[in-house]
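Reminder that position 146 of the sequence shown reads as 146 in full-length UniProt numbering, one-by-one numbering, no gaps.
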Amino acid sequence: MQIKEVQEKLKISSYTLRYYEKMGLIQPYRDENGYRNYSEEDIHKIERIMFLRDINVPIEDIKDILNNKVTFQDVLESHIQKVNTEIESLQYIKNMCEDLKEKNIPLLDQVIEDNQIGDKKVKKRDLKKVFGYFKKDQTVIIGTKFDLNMYFRTFICALITAPVLAFAVTKYLQMVHILEMETVMNHIFIYLILMILVILLSMVSISYM
Numbered sequence: 001m002q003i004k005e006v007q008e009k010l011k012i013s014s015y016t017l018r019y020y021e022k023m024g025l026i027q028p029y030r031d032e033n034g035y036r037n038y039s040e041e042d043i044h045k046i047e048r049i050m051f052l053r054d055i056n057v058p059i060e061d062i063k064d065i066l067n068n069k070v071t072f073q074d075v076l077e078s079h080i081q082k083v084n085t086e087i088e089s090l091q092y093i094k095n096m097c098e099d100l101k102e103k104n105i106p107l108l109d110q111v112i113e114d115n116q117i118g119d120k121k122v123k124k125r126d127l128k129k130v131f132g133y134f135k136k137d138q139t140v141i142i143g144t145k146f147d148l149n150m151y152f153r154t155f156i157c158a159l160i161t162a163p164v165l166a167f168a169v170t171k172y173l174q175m176v177h178i179l180e181m182e183t184v185m186n187h188i189f190i191y192l193i194l195m196i197l198v199i200l201l202s203m204v205s206i207s208y209m
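#1: To the nearest angstrom, how far is the alpha carbon of Y38 from that of E88?
#2: What residue ranges within the segment 27–84 form continuous alpha helix (DSSP H) runs of no fewer than 4 residues, ordered along the chain?
#3: Below 8 Å, can you find three or more Cβ-Cβ pairs linking the segment 79–97 to the segment 33–51?
#4: Which one of K4, N56, K63 and N67 has the shortest CA to CA distance from Y20?
#5: Does the Cβ of L197 have 16 or more other Cβ atoms within 10 Å, making it buried, or fewer, making it exposed?
#6: Where does K11 fall in DSSP's three states?
#7: Let me check understanding here. Comparing Cα to Cα, which of N68, Y35 and T16 lies closest to E47?
#8: Assuming contact is defined by CB atoms lying nearer than 8 Å, are L25 and L66 in contact in what I supplied?
#9: Classify Q2 as helix, strand or coil using the three-state DSSP reduction.
#10: Can you give me the C-alpha to C-alpha distance between L100 and P28, rounded to a whole angstrom?
#11: What did DSSP end up calling L17 once you bin it into helix, strand or coil?
#12: Can you tell me which of D31, E32, V83 and H44 puts its alpha carbon nearest to the alpha carbon of I55?
#13: Here's the rule: buried if 16 or more other CB atoms are within 10 angstroms of the residue's CB, otherwise exposed. What is K45?
#14: With distances taken between CB atoms, is the gap from S14 to I3 smaller than 8 Å?
#15: Quick check: the Cα distance between L192 and I156, rounded to an integer number of angstroms?
#16: Using only CA atoms, which one of N68, V6 and E98 lies nearest to M50?
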């Protein structure tokens, strides 16, 4: 069968056929005039190659299958692992892009300014440094370091929480006889200390997100 006949039968380009030949996947017989003649075995082999390429099996793996160096099942198992890794990577990127879109934060300029995209691939630790994200249960939350409202809410929470804690601590200290008497100054002093501690702890926890 001539190359044009193979093209029509299998819906494949002459370039692809020559590429398969160049890579050592097929070796069609050449007549005395140098024309390629494809046997039925060649056609069957090309069909198998086309199928494997349709599911993105690498050329080298296809060559190993055709040469019986590995089994089809072994290649499938390895290929599935690679596909799963790619899916996880794409899902990670998808989650990050969705969060960026939802946050509506112009982060790209910030990345460029901080020289975080000098390489083709931005490392996750660099993304954490620039974007301020943390990943939990396959969900990426981005922009926490740039959210001033979070710090304001933390301060308000400290103002509300500290008096309650101050009252409780004062009562406890009286019970264990560390404080001899309950005074307004005692409450104010303990309140200020607790408020500062609550704010500091909150700021530290936000910084490490």
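C-beta: ideal position from N, C-alpha, C; glycine also.
Checking against the coordinates, here is how it stands:
#1: Taking the first residue of the sequence shown as 1, we reach residue 38 at position 38. Taking the first residue of the sequence shown as 1, we reach residue 88 at position 88. Their backbone Cα atoms lie some 42 Å apart in a straight line.
#2: 40–54 and 59–66
#3: no
#4: Here the question's residue 20 lines up with position 20 in the sequence shown. With distances taken between Cα atoms, Y20 lies closest to K63.
#5: The residue labelled residue 197 in the question sits at position 197 within the sequence shown. So L197 counts as exposed.
#6: As a position in the sequence shown, residue 11 is number 11, starting the count at 1. Residue state, collapsed to three classes: coil.
#7: As a first step, residue 47 is located in the sequence shown; it is residue number 47 there, counting from the start. Residue T16 is the option with its Cα nearest to E47.
#8: As a working mapping, residue 25 is identified with position 25 in the sequence shown. As a working mapping, residue 66 is identified with position 66 in the sequence shown. Closer than 8 Å, so yes.
#9: In the sequence shown, the residue the question calls residue 2 occupies position 2. Q2 falls in the coil class under three-state DSSP.
#10: Translated into the one-based positions of the sequence shown, residue 100 becomes position 100. Translated into the one-based positions of the sequence shown, residue 28 becomes position 28. Straight-line Cα distance between these residues: approximately 53 Å.
#11: Locating residue 17 in the sequence shown gives position 17, where the first residue counts as 1. Of the three classes helix, strand and coil, the one that applies to L17 here is helix, per DSSP.
#12: On the sequence shown, position 55 is the one that residue 55 refers to. Comparing Cα positions, the closest option is V83.
#13: Against the sequence shown, residue 45 aligns to sequence position 45. Buried: at least 16 other Cβ atoms inside 10 Å.
#14: Your numbering for residue 14 matches position 14 in the sequence shown. Your numbering for residue 3 matches position 3 in the sequence shown. Contact: yes.
#15: Sequence index remark: in the sequence shown, residue 192 carries index 192 (1-based). Sequence index remark: in the sequence shown, residue 156 carries index 156 (1-based). Their backbone Cα atoms lie some 14 Å apart in a straight line.
#16: Position 50 of the sequence shown, counted from the first residue, corresponds to residue 50. Ranking N68, V6 and E98 by Cα distance to M50 puts V6 first.
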